[in-house]
Each structure stands twice: as C-alpha cells, then as structure tokens.
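Using numbering that gives the first Met the number 0, read the sequence shown as starting at 0 and increasing by one per residue.
For reference, the structure discussed in these notes is given below.
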Amino acid sequence: MLSVRGRAPIKPVVEPIARAFNKAGISPNAVTLVGTFISVAIAVILIPTGHLVAAAVLMAIFTAFDLLDGTMARLRGGGTKYGATLDASCDRITDAALFGAIAMWIVYSFGAPKVLLALTLITMGASQVISYVKARAEASGLKVEGGVVERAERLIIALLGIGLQGLGVSFALSAAMWILAVGSVFTVGQRLYMVAKQPGALDRIAPPKGASDSATNPN
Numbered sequence: 000m001l002s003v004r005g006r007a008p009i010k011p012v013v014e015p016i017a018r019a020f021n022k023a024g025i026s027p028n029a030v031t032l033v034g035t036f037i038s039v040a041i042a043v044i045l046i047p048t049g050h051l052v053a054a055a056v057l058m059a060i061f062t063a064f065d066l067l068d069g070t071m072a073r074l075r076g077g078g079t080k081y082g083a084t085l086d087a088s089c090d091r092i093t094d095a096a097l098f099g100a101i102a103m104w105i106v107y108s109f110g111a112p113k114v115l116l117a118l119t120l121i122t123m124g125a126s127q128v129i130s131y132v133k134a135r136a137e138a139s140g141l142k143v144e145g146g147v148v149e150r151a152e153r154l155i156i157a158l159l160g161i162g163l164q165g166l167g168v169s170f171a172l173s174a175a176m177w178i179l180a181v182g183s184v185f186t187v188g189q190r191l192y193m194v195a196k197q198p199g200a201l202d203r204i205a206p207p208k209g210a211s212d213s214a215t216n217p218n
C-alpha cells in the first residue's frame with residue numbers, strides 16, 4: 000500500500016537529492032548497489048551484535064536509497080530493464096539480510112524462542128514469495144499492484160520492532176513479527192487471487208524448452 004501512496008509526501012526531499020546526484024554524474028545503478036551494500040552491512044553487523052536501535056535508524060536512512068535511484072532514473076527520462084532487474088534483486092538481498100540478521104539475534108542473544116523464530120522465518124520466506132508472484136505475473140503479461148504488506152510496510156514494521164525492542168519495549172519484536180508473518184502470508188494469497196481474477200490468467204502457455212509434449216499431443 001505505502002509503495003503506491005507513500006511516495007508523494009517525501010517527493011520534496013528525494014527529488015533535490017536525486018537531481019544533485021544526476022548532476023554529479025552518479026548513476027542510479029551505482030546508488031542501488033551502494034545502498035544495498037551498506038544496508039546489508041548494517042543488518043548483518045549491528046543486529047546480531049545487539050545494536051538494535053542503531054541498526055533500525057541507519058537502515059531506515061539507507062533503505063531510502065530505494066526511492067532515490069528510481070527518482071534519479073525518472074528524472075533522466077526513464078529507467079532501463081537492467082536497472083529495474085538490479086533494483087528488484089537488491090531489494091530481495093536486503094530483505095533477506097534484515098530478517099536473517101533478526102533470526103540470528105533471536106537465536107544467539109534472545110534465548111531462541113521457537114514461536115518468534117518461526118514467525119521471523121515465515122516472514123522472510125513469504126516476503127520473497129510476495130515479490131516473486133508479482134515478477135512472475137508480469138512476465139506473463141499480467142499486472143499485480145498493491146497488497147496488505149508490501150516491502151515498505153515490511154521495512155517500517157520490522158525496523159520499528161527492532162528499534163523499540165532495543166529501547167526496552169520487551170514485546171515490540173514479537174508484535175512486529177506476528178503482524179508481518181500473518182500479513183505476509185495473507186498478501187501472498189491476496190496477490191495470487193489478483194492474478195487469478197485477471198483476464199487472460201487461464202490462457203494456456205507453451206511448455207518450457209526441453210519438456211515433452213506427449214501430454215498435450217498424445218498422438
């Protein structure tokens with residue numbers, strides 16, 4: 000939801016930075032890669048070592064690069080197919096690093112409560128599936144927009160959870176992971192339903208290369 004509606008309020012902040020980066024000759028792809036590298040480093044270094052508040056604040060800052068690179072590309076007249084693929088791939092890497100680091104902290108610093116660990120792993124897996132459903136649908140010419148828990152919601156809720164946990168709110172991470180696990184699983188089903196209801200969703204597709212066509216052509 001926020002990925003669609005949340006861009007307008009921060010446009011006055013992001014656009015001047017994007018224009019300055021473009022003027023300096025920095026490419027959107029470079030911003031994507033740098034933002035991903037720093038975000039992953041923050042997650043895997045600070046979260047497992049218990050620096051939860053610092054991790055939440057710094058990741059909130061550097062994941063904003065996800066908006067900056069897209070804005071830079073738009074101001075240049077539009078992005079490229081490679082840039083879009085790179086951006087989506089880096090988003091998946093950052094998400095996996097964040098929830099993987101949270102899982103490590105739960106195991107090594109929080110007594111490894113089974114339910115909380117399971118919720119974190121469910122969220123990590125479902126977040127990848129949410130993105131894959133959209134990518135696979137678009138590859139088939141179908142459109143998927145929206146959902147209860149998209150990437151913006153995942154990041155905000157997860158970073159709030161670890162940040163408040165670091166400030167001493169003992170239930171913050173558990174509450175965040177319950178919301179994310181349930182919401183993410185629901186969003187997987189929601190997106191699959193969106194795909195199923197679109198015109199052309201039940202059109203037959205060609206079998207993959209190398210597959211036997213005996214099932215479709217028995218004679």
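Note that CB positions come from ideal geometry on N, CA and C, so glycine has one too.
| query | result |
| --- | --- |
| Residue span of the alpha helix (DSSP H) that contains ARG153, given as start and end | 150-165 |
| Beta-carbon spacing of GLY182, VAL147 below 7 angstroms | yes |
| As assigned by DSSP and simplified to three states, the class of ILE46 | coil |
| Cβ contact check for the segment 9-20 and the segment 63-75: 3 or more pairs under 8 angstroms | yes |
| ALA59 versus VAL12 - alpha carbon distance | 15 angstroms |
| Cα-Cα separation between CYS89 and GLY160, rounded to whole angstroms | 22 angstroms |
| Secondary structure of ILE37, DSSP reduced to three states | helix |
| Where ASP202 falls: helix, strand or coil (DSSP) | coil |
| Backbone CA spacing between LEU191 and GLY124 [nearest angstrom] | 16 angstroms |
| Coil, strand or helix - THR79 by DSSP | coil |
| Unbroken stretches of the alpha helix (DSSP H), 4 residues or longer, contained in the segment 83-139 | 113-138 |
| Spatial distance of PRO27 from GLU149 (CA atoms) | 22 angstroms |
| Nearest to LEU45 (by Cα), restricted to the options LYS80, ILE101, THR93 | ILE101 |
| First through last residue of the alpha helix (DSSP H) which encompasses SER173 | 171-195 |
| Of the listed residues SER173, LEU163, THR84, LEU116, nearest to ALA134 (C-alpha basis) | THR84 |
| Stretch-stretch touch, CB-based, cutoff 8 angstroms, three pairs: the segment 162-180 with the segment 101-119 | yes |
| Whole-number beta carbon distance between VAL33 and GLY165, since they are thought to touch under 8 angstroms | So it is not a contact: roughly 25 angstroms between Cβ atoms. |
| Rounded C-alpha distance that separates ASN21 from VAL194 | 37 angstroms |
| Extent of the continuous alpha helix (DSSP H) to which THR70 belongs | 64-74 |
| Nearest-angstrom Cα separation, counted from GLY24 out to VAL187 | 39 angstroms |
| Local Cβ density within 10 Å of LEU201, reported as buried at 16 or more and exposed below that | exposed |
| Closest Cα partner of ALA55 within the set GLU137, GLY76, ALA171 | ALA171 |
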